[in-house]
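Number of protein chains: 2
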Amino acid sequence: MKGYLWTSGLEAGRGEGSSYGHLAPWEAIATDAVGNVIEFWGFKRNQGRVWALLYLRGEPFTAGELEHELELSKGGVSMLLRDLERWGVVRRMRSPHDSAWRYAAETDLIRMVSHVVEEREAGFIERIRADLAEAYRLAVEAGNVPREHLSRLEKMATLAEHVERALRLFIKTARLDVGGILGALREDSNRQ
Amino acid sequence: MKGYLWTSGLEAGRGEGSSYGHLAPWEAIATDAVGNVIEFWGFKRNQGRVWALLYLRGEPFTAGELEHELELSKGGVSMLLRDLERWGVVRRMRSPHDSAWRYAAETDLIRMVSHVVEEREAGFIERIRADLAEAYRLAVEAGNVPREHLSRLEKMATLAEHVERALRLFIKTARLDVGGILGALREDSNRQ
DNA sequence: GGTGCGGTTCACGCGGTCTTGAACTATATG
DNA sequence: CATATAGTTCAAGACCGCGTGAACCGCACC
């Protein structure tokens, strides 16, 4: 039992097992597909589902609507939206009459990837480098470490640097590469 | 049985209770660092640790030695080595006198990444594409789906293709990019 | 103040993944 | 053949991250 059911009279039954709120079957498939791919990339599946639905429907949703459509919990939606907003893939907007926030899909998903990859790097790859440096320091200090061992350790560190550089390069080129298609996406969402 | 063995005074160092078999402190740090980064890339932490130790020590190890040094279980080592061998980052060799297999680190780690990424793509990205196509089919069939919704769904699919292409490109360039440094790695291991 | 509603936070439980350890197979050795 | 040792498989369990749902906060309106 996910959350509380909507009191709207439209509630057309439908209640069997793998049902999604009000989503049309094709929407369920599409949002799930995005969810899967996004999960594969190391994010949360539901982050992908939320973004996908917002994008497909093309109009801003409230948290409550998302909760209902995707059958998520109130708390879950809150956290998902916070992450998505922080990464710039979802825009929070106050709609004129309604008192609730609404959220709209931003079209350059690549922000999500690049932002998070960078974020991870910051706290993580940095740490790796520090660890390798520390290991080197200790090894030298110990004194009895064979020279080749030391040199391999050094090479390992430079390998790490190279991989990191390659990764950054990827992000940069990916941004450009996907830019084209995303330009197309954007022209659509301008309409509103 | 996380180590009721080997109480060498040296390993007091490491922050908490995580003592490592015979590893020198610097080795423990280095292998762990590699383990972390490899885990971050979606593999098992211990796969990274095994490779790292083999590489750092520069000589082939038996499964039993790895089991002891890294404090892993027999079964675990067996599975880890099988994966690593399958990916071509570790080479199995029968040593002349000993009756047991020995394993040596191969130097182009990128094989691991590229192999697995490709493997994942095969079964996975393909699936995503199929799902999006299916969603499109259903949406058209339903008939009452707004035109813009359909067009956004299409764009989503082309986005997926672009990302996939970018990914392949990354693998290819990464292979080259890291090739240089890995050539250096290799020149070292030749020497024995 | 009180009530209702949107939104946030967080301890807990569930589900999935990795590791373990024991049973088992394979292979060498006397 | 018997025995020992290397290596594999797999069920059970440890472990960890995610989503849930309830408590909580803040604000608007009566």
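Heads up: the protein sequence lines correspond to chains U and C, in order. Numbering follows our numbering, with no gaps: position 152 of the first sequence is 152. To convert, count from 1 in the second sequence and add 1000; that's our numbering. Even glycine gets a Cβ: it sits at the ideal position worked out from N, Cα and C.
Item to complete: Quick one: measure Cβ to Cβ for U/Met156 and C/Ala1030, integer angstroms, because I've assumed they're closer than 8 angstroms.
Response: 7 angstroms
Discussion item. According to DSSP, C/Arg1102 sits in a beta bridge with which residue or residues?
Written reply: C/Met1093
Worksheet item: According to DSSP, what are the bridge partners of C/Phe1061?
Response: C/Tyr1103
Worksheet item: Quick one, which of U/Ala28, U/Leu23, U/Asn36 has its alpha-carbon nearest C/Phe1124's?
Response: U/Asn36
Item to complete: For chain U, find out if any of its Cβ atoms is closer than 9 angstroms to the Cβ of C/Leu1070; answer yes or no.
Response: no
Worksheet item: For C/Val1145, which of helix, strand or coil comes out of DSSP?
Response: coil
Practice prompt. Pair every Cβ in the segment 75-89 of chain U with every Cβ in the segment 1161-1172 of chain C, then say whether three or more of these pairs are closer than 8 angstroms.
Written response: no
Worksheet entry | Short-range partners of chain C found in the segment 59-88 of chain U, where Cβ spacing is below 8 angstroms | none
Practice prompt. Step through the CB atoms of chain U and report whether any lies within less than 9 angstroms of the CB of C/Asp1098.
Written response: no
Discussion item. Taking 6 angstroms as the limit between beta carbons, can you name the residues of its chain near U/Gly15, skipping five residues before and five after?
Written reply: The pLDDT assigned to U/Gly15 is 36, lower than 50, so where the model puts this residue is not dependable; a value taken from the coordinates is nonetheless given after this. Same-chain partners within the cutoff: there are none.
Worksheet item: Could one say the Cβ of C/Ala1104 lies closer than 9 angstroms to chain U's Cβ atoms, at least one of them?
Response: no
Item to complete: Starting from C/Phe1040, trace the alpha helix (DSSP H) both ways and give me its first and last residue.
Response: 1025-1040
Practice prompt. Alpha carbon to alpha carbon, how far is U/Ser151 from C/Val1090? Give it in angstroms, no decimals.
Written response: 20 angstroms
Worksheet entry | Identity of the residue in U/Asn46, U/Phe61, U/Glu59 nearest U/Leu72 by Cα | U/Asn46
Worksheet entry | Within 8 angstroms of chain U by C-beta, residues of the segment 1123-1135 of chain C in sequence order | Phe1124, Ile1125, Arg1127, Ile1128, Asp1131, Leu1132, Glu1134, Ala1135
Worksheet item: Among residues of its own chain, excluding the 5 on either side of U/Ala135, which ones have a beta-carbon nearer than 7 angstroms to its beta-carbon?
Response: Leu153
Worksheet entry | Secondary structure of U/Leu72, DSSP reduced to three states | coil
Worksheet item: Under a CB-based cut-off of 9 angstroms, is C/Arg1057 close to chain U?
Response: yes
Practice prompt. From the DSSP output, in three-state form, read off U/His193 for me.
Written response: For chain U, the structure presents residues 1 to 192; residue 193 of chain U sits outside this window and is missing.
Worksheet item: In angstroms, rounded to a whole number, what distance separates the CA positions of U/Leu138 and C/Asp1032?
Response: 15 angstroms
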